[in-house]
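In the numbering used here, the protein residues as written are 4 to 373.
Note that CB positions come from ideal geometry on N, CA and C, so glycine has one too.
Inspection log for the structure reproduced underneath, given as structure tokens.
Next up, the structure:
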């Protein structure tokens, strides 16, 4: 095939594929078509002459000893004595290569080659796209809404591919319109021979909040502030635990921003989801007490993965939150099962005056010392 390299370069440029990958596809396709249309028993090899820009097809035959049992298999083996008529220095185990003409391929073979090339190039494109998007799992991607089906699933066009944002992965109450540009976290990427690439998006995963904070807060993007954990009830409320190793940076203040400008920008993107930022602590009691903010905690006792939290009757509604949302988020954030134990003001007063050494109020005061 003359000037095949020009054709390969054209395909590579047009489809945005590596030229070496396209070359391999062309060679594999020619070999497969030769097996189908010439002789399936023959071992073939193909090479591209980059200097002359041509493709050559070869029959490959292994050299065997004259008494080898497989010497009658003329498609794959040739006796040493016979091989030396072609090359006097050839040895057992070497290969002889006979070039086969591609010019005499009939129309059917040419059509088969075209279909095979088309199929393999498409698979190559899909594999490249699969690798590209798989590397972006957990990251925010954006695209235009192209369709919304009867089940409420939203189809989004992202560059050269169409993704789906299922209704279950959409914040409750969100409505999108065709043509609207939206952002979502790339949750899943799959590929199969029948349907090609499938991409699932989500706006409800905690990763969506983390990535928005990373985009909005330079200190998080630069690594000065670390997001330790994140818990969400999408569209309603979220809690984020933050920490830093720098004495000069306030992780909560940096994330919230001046007058809340940073956290409000993130909240707006999430349909005004309320976001609590707390400072992480390695001490579970302090961490749990902070996670239950805005409630003020009297004491926390941790046993395995359960935490018993003593709290005054006035603070208990704040700790629980509307429909139990605050305590649920605190439990999700910290990984502890939280049990609230209410104590009345009289008991609290007695404990403060009679048994200060046994009280855990130092946990509350240490919130301001860390």
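Would residue 49 pass as a contact of residue 25 if the rule is Cβ separation under 7 Å? As a first step, residue 49 must be located in the chain shown, where it is residue number 46. As a first step, residue 25 must be located in the chain shown, where it is residue number 22. Contact: no.
Out of 29, 114 and 271, state which residue places its alpha-carbon closest to the alpha-carbon of residue 40. The count along the chain shown starts at 1 and reaches residue 40 at position 37. That would be 114, whose Cα lies nearest to the Cα of residue 40.
Under the three-state reduction of DSSP, which class applies to residue 62: helix, strand or coil? Looking up residue 62 in the chain shown gives position 59. Reduced to three states, the DSSP call for residue 62 is strand.
Can you say whether residue 30 is buried or exposed, counting buried as having 16 or more other CB atoms within 10 angstroms of its CB? Translated into positions along the chain shown, residue 30 becomes position 27. With 16 or more other Cβ atoms within 10 Å, it is buried.
Bridge-paired residues (DSSP) for residue 82: The residue labelled residue 82 in the question sits at position 79 within the chain shown. Bridge partners of residue 82: 67.
Quick check: what's the CA-CA separation for residue 21 versus residue 53? The sequence position of residue 21 within the chain shown is 18, counting from 1. The sequence position of residue 53 within the chain shown is 50, counting from 1. So the two alpha carbons sit approximately 16 Å from each other.
Go ahead and label residue 163 buried or exposed: buried means 16 or more other beta carbons lie within 10 angstroms of its beta carbon, across all protein chains shown. In the chain shown, residue 163 corresponds to position 160, counting from 1. Exposed is the call here.
According to DSSP, is residue 47 helix, strand or coil? Here residue 47 refers to the residue found at position 44 of the chain shown. Residue 47: strand per DSSP, three-state reduction.
For residue 138, name the three-state secondary structure that DSSP assigns. The residue given as residue 138 occupies position 135 in the chain shown. The answer is coil: DSSP assigns residue 138 none of H, G, I, E or B.
What runs of the alpha helix (DSSP H), each 4 residues or longer, lie entirely inside the region 101-172? 110-137
Count the other C-beta atoms from every protein chain shown that fall within 10 angstroms of the C-beta of residue 279, then say buried if there are 16 or more, exposed otherwise. For the purposes of this step, residue 279 is identified with residue 276 of the chain shown, where counting begins at 1. So residue 279 ends up on the buried side.
Which residues bound the alpha helix (DSSP H) around residue 334? Along the chain shown, read from residue 1 onward, the residue named residue 334 stands at position 331. Note, residue 334: alpha helix (DSSP H), 328-337.
Assign residue 138 to one of two classes, buried (16 or more other C-beta atoms within 10 Å of its C-beta) or exposed (fewer than that). On the chain shown, residue 138 is found 135 positions in, with the first residue counted as 1. Burial call: exposed.
Whole runs of the beta strand (DSSP E) within the region 202-284, excluding any shorter than 3 residues: 228-236, 240-247 and 277-282
Simplified DSSP assignment, three categories, for residue 298: For the purposes of this step, residue 298 is taken as the residue at position 295 of the chain shown. The answer is coil: DSSP assigns residue 298 none of H, G, I, E or B.
Looking only at C-alpha atoms, which of 251, 239, 309 and 92 sits nearest to residue 325? Position 322 of the chain shown, counted from the first residue, corresponds to residue 325. Of the candidates 251, 239, 309 and 92, the one whose C-alpha sits nearest the C-alpha of residue 325 is 239.
Residue burial classification, residue 122 (beta-carbon count within 10 angstroms, cutoff 16): In the chain shown, counting from the first residue as 1, residue 122 sits at position 119. Answer is exposed; the Cβ neighbour count stays below 16.
Which word fits residue 16, buried or exposed, when buried means at least 16 other C-beta atoms lie within 10 angstroms of its C-beta? The residue labelled residue 16 in the question sits at position 13 within the chain shown. Answer is exposed; the Cβ neighbour count stays below 16.
Apart from the five residues just before and just after residue 299, which ones in its own chain have a Cβ nearer than 6 Å to its Cβ? By 1-based counting over the chain shown, the position of residue 299 is 296. Hits under 6 Å: 318.
Beta bridge counterpart(s) of residue 199 as assigned by DSSP: Numbered from its first residue, the chain shown carries residue 199 at position 196. In the DSSP output, where bridge partners are listed per residue, residue 199 has 195.
Cα-Cα separation between residue 65 and residue 80, rounded to whole angstroms: In the chain shown, the residue the question calls residue 65 occupies position 62. In the chain shown, the residue the question calls residue 80 occupies position 77. Using only the alpha carbons, I get a separation of about 5 Å.
Over what stretch of residues does the beta strand (DSSP E) that includes residue 309 continue unbroken? The residue given as residue 309 occupies position 306 in the chain shown. Residues 309-315.
Paired residues, beta bridge with residue 340 - DSSP: Along the chain shown, one-based indexing puts residue 340 at 337. Answer is 309.
Bridge-paired residues (DSSP) for residue 186: Your numbering for residue 186 matches position 183 in the chain shown. BP columns for residue 186 point to 145.
I want to know whether the region 201-216 touches the region 233-252 - three or more CB-CB distances under 8 Å. yes
Given that a residue counts as buried once 16 or more other Cβ atoms are within 10 Å of its Cβ, and exposed if not, what is residue 188? Taking the first residue of the chain shown as 1, we reach residue 188 at position 185. Residue 188 should be labelled buried.
Buried or exposed: where does residue 228 fall if 16 or more other Cβ atoms within 10 Å of its Cβ makes it buried? Start at 1 with the first residue of the chain shown, and residue 228 comes out as number 225. With 16 or more other Cβ atoms within 10 Å, it is buried.
Rounded to whole angstroms, how far is the Cβ of residue 288 from the Cβ of residue 305, which I believe are closer than 8 Å? Indexing the chain shown from 1 puts residue 288 at position 285. Indexing the chain shown from 1 puts residue 305 at position 302. Correct: roughly 6 Å between the Cβ atoms.
If you reduce the DSSP assignment to three classes, tell me which class residue 345 lands in. Taking the chain shown and counting its residues from 1, the one referred to as residue 345 is at position 342. Three-state DSSP puts residue 345 in a strand.
Proximity winner among 337, 253, 273 and 301, relative to residue 286 (alpha-carbon distances): Mapped onto the chain shown, residue 286 falls at position 283. Looking at the Cα atoms, 337 is the closest of the given residues.
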